[in-house]
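Taken in order, the sequence shown gives residues 3 to 229; the numbers are from my numbering.
Here a beta-carbon is modelled for each residue, glycine too, at the ideal position from N, C-alpha and C.
Before any comments, here is the structure.
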Amino acid sequence: DLAQGQTHVLLGSSGSGKSTLLRLICGLTEATTGQITIGGELVSPKAQLQMASKIGYVIQEGGLFPHLTARENVSLAARTQKWSDNKITDRVNELAQLVRLEEAFLDRFPKELSGGQRQRVALMRALMLKPPVILLDEPLGALDPIVRSELQRELIRIFDHVRPTVVLVTHDVGEGASFGHTISLFHDGVLMQHGNFESFLKNPSSEFVTRFIKAQVPPPELLKALL
Numbered sequence: 003d004l005a006q007g008q009t010h011v012l013l014g015s016s017g018s019g020k021s022t023l024l025r026l027i028c029g030l031t032e033a034t035t036g037q038i039t040i041g042g043e044l045v046s047p048k049a050q051l052q053m054a055s056k057i058g059y060v061i062q063e064g065g066l067f068p069h070l071t072a073r074e075n076v077s078l079a080a081r082t083q084k085w086s087d088n089k090i091t092d093r094v095n096e097l098a099q100l101v102r103l104e105e106a107f108l109d110r111f112p113k114e115l116s117g118g119q120r121q122r123v124a125l126m127r128a129l130m131l132k133p134p135v136i137l138l139d140e141p142l143g144a145l146d147p148i149v150r151s152e153l154q155r156e157l158i159r160i161f162d163h164v165r166p167t168v169v170l171v172t173h174d175v176g177e178g179a180s181f182g183h184t185i186s187l188f189h190d191g192v193l194m195q196h197g198n199f200e201s202f203l204k205n206p207s208s209e210f211v212t213r214f215i216k217a218q219v220p221p222p223e224l225l226k227a228l229l
């Protein structure tokens with residue numbers, strides 16, 4: 003059960019099942035057992051079109067269509083919903099201000115944008131229809147550390163403003179601690195622990211949880227140099 007309006011982090015190493023779980027949530031993959039519901043409505047591949055307006059999805063590296071401009075990428079879902087041109091323009095401009103993307107970049111193609119700009123456009127596209135649920139699959143994984151840190155702060159600000167229910171996939175412990183009201187740690191498709199970050203530090207459920215958290219702590223000599 004994921005609380006409405008909070009950010010939930012799916013943490014784990016590559017191949018642990020994080021991205022698969024996102025695909026289950028948005029109906030791209032059908033669960034072999036159990037059910038997933040959003041607002042009381044059952045999620046399944048058959049109901050995918052009906053659920054499309056309720057879920058925003060940012061895949062790894064943004065997944066922008068290369069033949070469409072940033073503006074066209076962002077507005078694509080709204081056009082399938084038959085929004086008027088004026089309504090689309092107003093919403094795109096509103097989102098550009100929210101993610102702090104200059105209007106001049108909206109008419110450029112993805113290859114003409116930086117990695118950080120492409121991720122801002124991908125987030126705009128996910129937010130376009132004002133969905134109550136946002137899924138993000140390692141949205142900052144391909145960015146350099148400085149841009150990544152900047153966008154982490156920006157995403158936290160945006161989520162605080164929009165207040166969607168967010169499910170964010172990452173393998174980075176620091177990122178999970180920064181974003182997650184709750185964190186779920188997976189290993190080989192098994193949920194190892196679920197809770198807030200403090201519970202992972204103080205009450206790890208297994209040796210694997212302890213090793214996973216400690217593996218990303220900077221070495222003592224680096225910590226000493228930083229302090």
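Quick check: Gln154 and Leu142, are their CB atoms within less than 8 angstroms of each other? Your numbering for residue 154 matches position 152 in the sequence shown. Your numbering for residue 142 matches position 140 in the sequence shown. For the pair Gln154 and Leu142, the CB atoms are nearer than the 8 angstroms cut-off.
Quick one: what does DSSP say Ile61 is sitting in, helix, strand or coil? One-based indexing of the sequence shown puts residue 61 at position 59. Coil at Ile61, not helix or strand.
Which of helix, strand or coil does DSSP assign to Thr172? Start at 1 with the first residue of the sequence shown, and residue 172 comes out as number 170. Strand at Thr172.
Kindly list the residues whose CB is nearer than 8 angstroms to the CB of Val76, restricted to its own chain and excluding five residues on each side of it in sequence; keep chain order. Looking up residue 76 in the sequence shown gives position 74. These residues qualify, in order along the chain: Val94, Leu97, Leu108, Val123, Met126, Arg127 and Met130.
Would you be able to state if there are at least three C-beta pairs under 8 angstroms between the stretch 31-45 and the stretch 58-72? These segments do not touch.
Just to confirm before moving on: does the CB-CB distance between Thr212 and Asn198 stay below 8 angstroms? For this step, residue 212 is matched to residue 210 along the sequence shown. For this step, residue 198 is matched to residue 196 along the sequence shown. Contact: no.
Integer-rounded CB distance, given that Thr9 should sit under 8 angstroms from Phe202: The count along the sequence shown starts at 1 and reaches residue 202 at position 200. The count along the sequence shown starts at 1 and reaches residue 9 at position 7. Actually they are not in contact, since the Cβ atoms of Phe202 and Thr9 sit about 16 angstroms apart, beyond 8 angstroms.
How far does the beta strand (DSSP E) with Ser186 in it reach, from first residue to last? The sequence position of residue 186 within the sequence shown is 184, counting from 1. Unbroken beta strand (DSSP E) run through Ser186: Thr184 to His189.
Whole angstroms are fine: how far does the CA of Gln119 sit from the CA of Glu43? Working through the sequence shown from its first residue, we reach residue 43 at position 41. Working through the sequence shown from its first residue, we reach residue 119 at position 117. C-alpha separation (whole angstroms): 34 angstroms.
By the DSSP assignment, the alpha helix (DSSP H) with Gly197 in it spans what residues? On the sequence shown, position 195 is the one that residue 197 refers to. For Gly197, there is no enclosing alpha helix (DSSP H); the residue is found in the beta strand (DSSP E) stretching over Val192 to Gly197.
With H, G and I counted as helix, E and B as strand and the rest as coil, what does DSSP make of Gly14? The sequence position of residue 14 within the sequence shown is 12, counting from 1. DSSP places Gly14 in strand when its eight states are reduced to three.
Start and end residues, beta strand (DSSP E) containing Ile160: Translated into the one-based positions of the sequence shown, residue 160 becomes position 158. From DSSP, Ile160 is part of no beta strand (DSSP E) but of the alpha helix (DSSP H) over Pro147 to Val164.
Give the DSSP-derived three-state secondary structure of Glu140 in the structure shown. Here the question's residue 140 lines up with position 138 in the sequence shown. Glu140 falls in the coil class under three-state DSSP.
Less than 7 angstroms between C-beta atoms, sequence neighbours within five positions excluded: which residues of the same chain meet that for Gln6? One-based indexing of the sequence shown puts residue 6 at position 4. Excluding sequence positions up to five before and after Gln6, its CB lies within less than 7 angstroms of the CB of Thr167, all in the same chain and listed in chain order.
So the alpha helix (DSSP H) Asn95 belongs to, where does it begin and stop? Within the sequence shown, numbered from 1, the residue matching residue 95 stands at position 93. Element bounds for Asn95: Asp87 to Val101.
Who are the Cβ neighbours of Thr71 in its own chain at under 8 angstroms, not counting the five residues just before and after it? By 1-based counting over the sequence shown, the position of residue 71 is 69. Counting only Cβ-Cβ distances below 8 angstroms, and skipping sequence neighbours, we find Leu108, Asp109, Arg110 and Phe111.
Buried/exposed call for Ile158, threshold 16 Cβ in 10 Å: Against the sequence shown, residue 158 aligns to sequence position 156. An exposed status is given to Ile158, since fewer than 16 other beta-carbon atoms sit within 10 Å of its beta-carbon.
Mind checking Ala33: buried by the 16 CB within 10 Å criterion, or exposed? In the sequence shown, the residue the question calls residue 33 occupies position 31. Counting other Cβ atoms within 10 Å of its Cβ, Ala33 stays below 16 and is therefore classed as exposed.
Pair within 8 angstroms by beta-carbon distance, Ile57 and Leu4: As a position in the sequence shown, residue 57 is number 55, starting the count at 1. As a position in the sequence shown, residue 4 is number 2, starting the count at 1. Cβ distance not < 8 angstroms, so Ile57 and Leu4 don't count as in contact.
So, with DSSP's three-state summary, where would you put Ile40? Locating residue 40 in the sequence shown gives position 38, where the first residue counts as 1. Ile40: strand per DSSP, three-state reduction.
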